[in-house]
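Down below is the structure, laid out as structure tokens.
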Amino acid sequence: MSRLSTGGLIDRTRPLKFTFDGKQYSGFEGDTLAAALLANEVRLVARSFKYHRPRGILTAGTEEPNALVTLREGARAEPNSKATAVPLYDGLVASSQNRWPSLGFDLLALNQLASPIFVAGFYYKTFMRPAALWEKLYEPLIRRAAGLGALSGLPDPDSYDRKHAFCDLLVIGAGPSGLAAALTAGRSGLRVILADDDMAMGGHLLKERSEIAGAAGADWAAGVVEELASYPNVTLLPRTGVFGVYDGHEYGAVERVSDHLPEPLPGQPRQRFWKIVARHALLASGAIERPLIFPGNDRPGVMMASAVSAYLNRFAVAPGKKAAIFTSCDTGWQTALDLQAAGIGVAAVVDTRAQMPALADRLDLSDCVVALQGAIVDIKGSKSVKGATIRDGSGKETSVVCDLVAMSGGWNPAIGLGSNFGNRPVWSEELNAFLLDKAPPGFSPVGSAAGRMSLTSALGDGIRAATEVVQQLGKSPAEMAIADVAETGGTSENMLWVPSGIEGKAFVDFQNDVTASDIKLAASEGFVSIEHLKRYTTMGMATDQGKLSQLNGHGLLAEETKKTIAEAGTIMSRPPYTPIALGVIAGHHRGEHFRPVRHTASHDWAAENGAAFVDVGQWKRAQWFVQPGETEWRTSVDREVKATRGGVGICDVSTLGKIDVLGPDAATLLDRLYANMFSTLPVGRARYGLMLREDGFVMDDGTATRFAEDRYYVTTTTANAARVMQHIDFARQVIWPELDVQATSVTEQWATYSIAGPQSRAVLQALLPDIDLTNEAFKFMAAGEYRWRGTKIRLFRVSFSGELAYEISIGANRGRQLLEAIMEAGAPFGIVPYGTEALGVMRIEKGHPAGNEMNGQTTAGDLGMGRMLSTKKDFIGRAMAQRPGLTDPGRMSLVGLKPIDPAATLRAGAHLLAKGAEPKAANVQGRVTSAAFSPTLGYSIALALVTGGQERIGEEMLLNDIVRATDVPVEICDAVFVDPAGERLRG
Amino acid sequence: MRIPCPYCGDRDSQEFVYRGDASPVRPADPAEETEFFDYVYLRENPAGPIDELWYHAQGCRNWITLTRDTRDHAISAARLTSEGKSA
Ligand SMILES: [Zn+2]
């Protein structure tokens, strides 16, 4: 064990058991998986992406590129989990990835020997030819050899929540500047949300030894968090990563509600998606330490200096027994102090700079090699560090024995989120790092994310920034003072050190296995733009988006191309800042909750009476009603059609769109909306209407009924209900706002039933004995408002089936009651319920165009309704419908088809060919839009759009169905198959 | 993204239906076919501020004219379309 006997922010009274690659270990509450693995001296935790190099733990945060493991098992297995960000829990199970047969002995590490073919751009070079082999051979080979973890392939057993939140100030990151800002804003009464990726708030205060106002930094942080938690206006979100900045001051964040538990508590989601709207946001994301580029810098045991300090100070874990430090700034010296304070020997401190910092005075250098203007040029050991070779300023090489190398190449402000908006960061000569020059509206970086690296300046910056926000929002800021900051770190120049003359594999991008020589190769091949370099070498394209690698790579490129870094520039990052699960984006919208389901008022009645339902948009509609003994859907549908045409049937048509149009100009508006005339419609009458789009094509059809001079009731098809509502609002608000007319959707307010068949009048008369329904009193297309059992109803004599038929509407809450009463009144007449399939069969028998025919590409003329276009008035689509292309007599238009052989089946989608024509696209003269078996006629019938249309009635053609490989000879006929004179519906 | 509905206040853009350029004005019929052609098919596509139509479908059902900068999506004005053109 390498757990220190004292210190740390772990709870030693709560030991936790866990398993890695099948072996049992134990850690403490407060550990991350990485800390617990190090405490158990597990150093080799992963194999790299391309070369299968042994890899250890590099960092102590979410920027980790190496220590990716598969967390949990079975359906909950989550690949590529960063061990450095996974909170330890009792019973945790993790396993390593990308190795075979085992982590210690990985046969695919042979890739290293083949590394010359895996160099930059290898995808483009090595596997170029022959192209035919790519899919069969090369790609599977690469996919097997290179990669990370695999998905479980099982359905996700967890649920995900979504929450929308609004605040005055969103603080991203709870380090020194974030805490100071949140405290200032919280005390000033702002609505504050403080989000931090980590399980504990405090950021670097948890990892460094510092003192604020007489308390240890970590204790000060805990005190601030406690105070913030007491404010009702402050929301604390630990374990929450803000992953993106969006338009309109919106932020996306994922709260890992249950990921620190073996599985979510009952009723709890695994994660919660937060959509946060913030008047202002402060990016207090801190800074990320830069690695140094030297051969063997990826060996297990080489770590970021700040990570070594974090493991010592926060987790009381010694990541090694003897350390060498390689640094280009003061951070490495600080880590040396932390190591010595924990009783761990420092074998060497190598600084790229010429002078020792003041900090060095506090170090015991008695048994320590110090090399200035030096570099580590080699690492001994493969699966763990065994020693390092140091070259000093004079070129002299010394070897030291060590099992830990702590490196620090300076710090990069963590500004990724701020570049989401297409803001390319700019190089700061002063800081030697990229900073945000421009930020998204209402968003600003603070603390070290803004280049204010010292603890004192970060705290001050947080207070300053929050105070400004408070003032901007017109409130008075609380007085803030944070006295007596003692920092052991101090500030130093943040120089960028780029090595020259490297031999061996020195990694720039650890996760994608991109080395310094890859960058040089890319530069020599002409890939000198930052964006080209990125794509050619894949540097920065791994899941960490190059948080560690980017700047070093750009430094190398600048060196190669003799440019400055400022000239070379840097890339922008895009959401998500850290990877997020797809499940959390989907949230509750999966399975049956994928979209809302709409039920009509008598849905339950239909279900109780054998209905098979079909999805029509969001609606569930009864497709047919299965009677005892019926095993084939066609049996049910044929029976329903015959019963309706021979007696009476009832169908729930409540899903049709319904719109009330009211006002003095209602008639004028409808005249302009419909192609035909509605101002002439008498009160108490309904009329079929056709709507065009402004481009002249058919949009929708339905009926409009006039209940009073200034009151119309419009119906639309089920599919177009929302679209027509929008269209009407567009017409009355945008095109003709001067019209005094209102429109409102009443689709959900009315339940509507169609009663059709020769016996429909008798049924209705039995239901409504007080209303005179004789043909003389209530003609075809008559309509009126009446009462049934005291409740208002609307009655229409309209027909879709071609039979004598009525539609009756009642308030939706009484829909089922009305339906049951009609069934009771209709029982003596043998009434049957029928579904959408029978409805469809009857409308095809009558040649009524529906959605299949009104497909957005057909004109009124195409559908045989050209004469409906009024010439007496302006209406939407009038002018464009007259274009030659839309009135060409050669256009395909609506006809009926019947098979020459009555036993043959016609199918929708099949193409029409002239007899004897070769079946190819150029010869297609039409296609079937709707087809059905007609129980009335006893054979299959279809509606089709055919070139020349009506002119060709009587012609024999071939119906060619390539998909189903059938050819059916057919005869073109009139589209109206049943009762062409329309006598039934008027009788 | 947030849309400032003049009737409802700031609302999530998911509540709205986007239509596009608000500048085409429907020609008074009778008009030349070319005028209707322009109205139906031709749209400006500027890099910069543009007046455009949004429909608050899941809210007040008002058509709204927004002035939005296509380069950064900044919305500088919003009004009910039925209340006429802005100055
Ligand atoms: Zn609104």
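Protein sequences, first through last, are from chains Z and A.
Numbered according to the working numbering, the first sequence spans residues 85 to 1071.
Numbered according to the working numbering, the second sequence spans residues 23 to 109.
Backbone N, C-alpha and C fix where the C-beta goes; we use that ideal spot for every residue, glycine too.
- request: Output the boundary residues of the beta strand (DSSP E) element that contains M491/Z.
  value: Counting along the chain, the beta strand (DSSP E) containing M491/Z begins and ends at L488 to S492.
- request: Taking the CB atoms as reference points, tell me whether R246/Z and H683/Z lie closer together than 8 Å.
  value: Judged by their CB atoms, R246/Z and H683/Z are not nearer to each other than the 8 Å cut-off.
task: Run the proximity test for Y40/A: is its beta-carbon closer than 7 Å to any non-hydrogen atom belonging to ligand 1?
output: Not so, every heavy atom of ligand 1 lies at least 7 Å from the Cβ.
task: Report buried or exposed for S390/Z, applying the criterion of at least 16 other Cβ atoms within 10 angstroms of its Cβ.
output: Counting C-beta atoms within 10 angstroms of its own C-beta, S390/Z has 16 or more neighbours from the protein chains shown and is therefore classed as buried.
- prompt: Under 8 Å between the Cβ atoms of S492/Z and E373/Z?
  reply: Contact: yes.
- prompt: Where E724/Z and I892/Z are concerned, what is the direct C-alpha to C-alpha distance, given to the nearest angstrom?
  reply: Straight-line spacing of the CA atoms in E724/Z and I892/Z works out to 20 Å.
- prompt: Interface residues of chain A around Y330/Z at Cβ under 8 Å?
  reply: The contacting residues are M23.
Interface positions of the region 962 to 981 of chain Z facing chain A (Cβ-Cβ less than 7 Å), listed along the chain: Correct list: R962, A963, M964 and R967.
field: Neighbour list for E310/Z in chain A, Cβ cutoff strictly below 9 Å
entry: Those within 9 Å of E310/Z in chain A number zero; the least Cβ separation is about 34 Å.
message: Just checking Y77/A against ligand 1 - is the residue's beta carbon closer than 7 Å to any of the ligand's heavy atoms?
response: Because no heavy atom of ligand 1 lies under 7 Å away, the Cβ of Y77/A does not count as near it: no.
field: chain A contact residues for F814/Z, given Cβ-Cβ distances below 7 Å
entry: Contact annotation for F814/Z against chain A: W85 [CB-CB distance below 7 Å, chain order].
Close Cβ partners of Q555/Z (< 7 Å) along its chain, the five nearest in sequence each way excluded: Only P561 meet the Cβ criterion.
query: Closest by CA to L765/Z, which one among G351/Z, A751/Z and P149/Z?
result: Taking only the C-alpha atoms, the option nearest L765/Z is A751/Z.
field: Nearest-angstrom beta carbon gap, N397/Z and K291/Z [assumed within contact, 8 Å]
entry: With a beta-carbon spacing of about 6 Å, K291/Z and N397/Z fall inside the 8 Å limit used to define contacts.
message: In whole angstroms, give me the CA-to-CA distance for A665/Z and P497/Z.
response: Rounded to whole angstroms, the gap between the alpha carbons of A665/Z and P497/Z is 26 Å.
- request: State the Cα-Cα distance for the pair F38/A and G81/A, rounded to the nearest angstrom.
  value: Cα to Cα, the separation comes out at about 8 Å.
is_contact[A1/A, chain Z] using C-beta, thresh 8 Å: Only positions 23 to 109 of chain A appear in the structure, and residue 1/A is not among them; the question remains open.
query: Within 8 Å (strictly less), CB to CB, does D91/A reach chain Z?
result: With respect to chain Z, the C-beta atom of D91/A has no partner C-beta closer than 8 Å.
message: Among Y918/Z, F678/Z, G895/Z and R790/Z, whose alpha-carbon lies nearest the alpha-carbon of D722/Z?
response: Looking at the Cα atoms, Y918/Z is the closest of the given residues.
query: DSSP puts A517/Z in a beta bridge; with which residues?
result: Answer is S512/Z, bridged to A517/Z.
- request: Count the C-beta pairs between the region 136 to 149 of chain Z and the region 624 to 638 of chain Z that are closer than 8 Å, then say yes if the count reaches three, no if not.
  value: With the cut-off at 8 Å, the region 136 to 149 of chain Z and the region 624 to 638 of chain Z touch.
- prompt: Beta-carbon of T103/A versus every beta-carbon of chain Z: anything under 8 Å?
  reply: Yes, contact with chain Z.
- request: Answer with yes or no whether the minimum CB distance from Y29/A to chain Z is below 8 Å.
  value: No, because no Cβ of chain Z sits closer than 8 Å to the Cβ of Y29/A.
- request: Say whether chain A places a C-beta atom closer than 8 Å to the C-beta of I819/Z.
  value: So yes, I819/Z belongs to the interface.
- request: Can you pull the chain A residues whose beta carbon is under 7 Å from the beta carbon of Q810/Z, in chain order?
  value: Chain-ordered, the chain A residues with CB closer than 7 Å to the CB of Q810/Z read V39, Y77 and A79.
- prompt: What are the uninterrupted segments assigned as alpha helix (DSSP H) that are 4 or more residues long and contained completely in the region 954 to 1005 of chain Z, given in chain order?
  reply: Inside the region 954 to 1005 of chain Z, DSSP marks whole alpha helix (DSSP H) runs of 4 or more residues at positions 962 to 965 and 968 to 971, from first to last along the chain.
message: Counting only C-beta atoms, is E347/Z closer than 8 Å to chain A at any point?
response: It does not; no Cβ of chain A falls within 8 Å.
task: Assign P171/Z to one of three DSSP states: helix, strand, or coil.
output: Looking at P171/Z - three-state DSSP - the assignment turns out to be strand.
message: Restricting to Cα atoms, I'd like to know which of L232/Z, Q352/Z and S686/Z is closest to W834/Z.
response: Nearest of L232/Z, Q352/Z and S686/Z to W834/Z, Cα basis: S686/Z.
message: I'd like the span of the alpha helix (DSSP H) that includes L421/Z, first residue to last.
response: Element bounds for L421/Z: D414 to A425.
- prompt: Using a Cβ-Cβ cut-off of 6 Å (strictly less than) and excluding sequence neighbours within five positions of E481/Z, which residues of its own chain qualify?
  reply: Counting only Cβ-Cβ distances below 6 Å, and skipping sequence neighbours, we find T473 and R475.
field: Alpha-carbon to alpha-carbon, L519/Z and A533/Z
entry: Cα-Cα distance, rounded: 8 Å.
- request: Please determine, among A792/Z, T836/Z and A827/Z, the residue with the shortest C-alpha to C-alpha distance to T802/Z.
  value: The closest CA to that of T802/Z, considering only A792/Z, T836/Z and A827/Z, is found on T836/Z.
field: Check whether G286/Z and G259/Z have beta carbons under 8 Å apart
entry: Yes.
message: Excluding the 5 residues flanking A394/Z on each side, which residues of the same chain have their C-beta closer than 7 Å to its C-beta?
response: Same-chain partners within the cutoff: A144 and K291.
task: Have a look at K704/Z, S261/Z, F505/Z and Y661/Z and flag the residue whose alpha-carbon is nearest the alpha-carbon of P680/Z.
output: Of K704/Z, S261/Z, F505/Z and Y661/Z, the residue nearest in Cα terms is K704/Z.
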